[in-house]
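Its first residue numbered 109, the sequence shown is counted upward by one per residue in this note's numbering.
Everything on this sheet refers to the single structure shown next.
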Amino acid sequence: MKVAIFGASGGTGSLLTERCLGAGYEVTALLRSPEAFPFRDRVRPIEGSAFDGDAVRRTVDGADVVLSALGARSLKKEDVLERAVPLIVEAMRDTGVRRIVALGSAGALDDSLSKQPAYRRWIVQSIVYKTLLKWPVASQRAQWRTLSASGLEWTMVMPPMLTNSRARGHCRIDGDALPRNGSRISRSDVADFMMQQIDNPQWIGKGVYIAW
Ligand SMILES: NC(=O)c1ccc[n+]([C@@H]2O[C@H](COP(=O)([O-])OP(=O)(O)OC[C@H]3O[C@@H](n4cnc5c(N)ncnc54)[C@H](OP(=O)(O)O)[C@@H]3O)[C@@H](O)[C@H]2O)c1
109 MKVAIFGASG GTGSLLTERC LGAGYEVTAL LRSPEAFPFR DRVRPIEGSA
159 FDGDAVRRTV DGADVVLSAL GARSLKKEDV LERAVPLIVE AMRDTGVRRI
209 VALGSAGALD DSLSKQPAYR RWIVQSIVYK TLLKWPVASQ RAQWRTLSAS
259 GLEWTMVMPP MLTNSRARGH CRIDGDALPR NGSRISRSDV ADFMMQQIDN
309 PQWIGKGVYI AW
């Protein structure tokens, strides 16, 4: 299996890379700083930015599947997904790569929180999403729009807050909305779930919420 990974140096992306290498997959990773990447000798590194269409195309070309755990390194307006995901989609179309599993977030859609208690929904939607998480949520909404219009075999995995704790090996999964009172999940469990989606057709063309 040949896998192209975006965001491989990030919290979730490095766990994805580790799992892909452990599974014996051939990994191509787009990296802004390959010299700092712990798995640099075990992947095919492409040095560059996800805002560079040529570097994105070279990363995707020849892959069986694309995994993305891209995101801004801050809560400020960085437009990482707004700029990078259209380039990834375009490169996949041009090179004939069909499958992408992308890390999104539970705030991506209007009805994402429809299963939450009313007070929690109000606090998150009326306060948190309008202040602290304003730009990350806008980016995830943009990612959703781009993937859902892509015509590709896409899956957007939508967790709430990510933690660095160890995998529990189980989580709640819902195709309609974030599971009730789901507020956290570890990056390890998210990486495991994303790996399972590589050849699982169940969530193709859909978003899927996961939470402890
Ligand atoms: N944090 C949370 O609680 C939370 C909750 C739900 C969803 N999410 C979403 O999950 C995703 C991943 O989160 P994370 O915390 O695992 O990631 P992270 O540690 O912030 O890593 C982000 C990755 O994106 C890469 N990146 C950013 N801009 C890039 C560019 N222009 N070109 C190439 N690579 C670029 C970074 O590369 P560098 O190493 O070069 O910086 C890094 O590998 C994000 O989209 C985030 O919105 C986060």
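The beta carbon of each residue, even a glycine, is placed where N, CA and C say it ideally should be.
The structure displayed is predicted, hence computed values, not measured ones.
If you reduce the DSSP assignment to three classes, tell me which class residue i lands in.
i      : result
Arg253 : helix
Tyr133 : coil
Arg328 : Outside the displayed span of the chain (109 to 320) sits residue 328, for which this structure offers no information.
Thr263 : strand
Ala112 : strand
Lys238 : helix
Ser247 : helix
Ile318 : strand
Ile231 : helix
Arg292 : strand
Val209 : strand
Arg152 : strand
Tell me the residue span of the alpha helix (DSSP H) that contains residue i.
i      : result
Cys297 : Checking the sequence shown, residue 297 turns out to be Asp, not Cys. Here the alpha helix (DSSP H) through Asp297 covers Arg295 to Gln305.
Leu195 : Val188 to Thr203
Asp162 : Gly161 to Val168
What are the boundary residues of the beta strand (DSSP E) that includes residue i?
i      : result
Arg280 : Arg280 to Asp282
Val174 : Val173 to Ser176
Leu270 : Met269 to Thr271
Check the C-beta distance from residue i over to residue j and give it rounded, since I have them as a contact under 8 Å.
i      : j      : result
Met318 : Val298 : Just to set this straight, residue 318 is Ile in the shown sequence, not Met. Contact holds; Cβ gap of about 7 Å.
Leu221 : Val232 : 6 Å
Arg249 : Ala216 : 6 Å
Thr125 : Val151 : 7 Å
Ala192 : Ala158 : 4 Å
Ile84  : Val174 : Only positions 109 to 320 of the chain appear in this structure, which leaves residue 84 out of reach.
Leu183 : Ser247 : In fact, because the Cβ distance is near 10 Å, the residues do not count as touching under 8 Å.
Leu286 : Lys223 : 6 Å
Arg207 : Glu261 : 5 Å
Ala199 : Lys110 : Rounded, the Cβ-Cβ distance is 15 Å, inconsistent with contact.
Does any heavy atom of ligand 3 sit closer than 7 Å to the C-beta of residue i?
i      : result
Pro146 : Inclusion of ligand 3 in the displayed structure is not the case, the ligand content consisting of ligand 1 alone.
Between residue i and chain B, is any beta-carbon pair separated by less than 8 Å?
i      : result
Ser222 : This model lacks chain B altogether, as it is built from one protein chain only.
task = Would you check if there are 3 or more beta carbon pairs closer than 8 Å linking the segment 135–148 to the segment 164–174?
result = yes
task = Specify whether the segment 239–255 and the segment 279–296 touch according to this definition: at least 3 beta carbon pairs, one from each stretch, less than 8 Å apart.
result = no
message = Pairs of beta-carbons, one from the segment 144–151 and one from the segment 179–193, closer than 8 Å: are there three or more?
response = no
message = Counting beta carbon pairs with one atom in the segment 251–258 and one in the segment 298–306, are three or more of them shorter than 8 Å?
response = no
inquiry  = Measuring CB atoms only, is the segment 210–227 touching the segment 257–266, in the sense that at least three cross pairs come out at less than 8 Å?
reply    = yes
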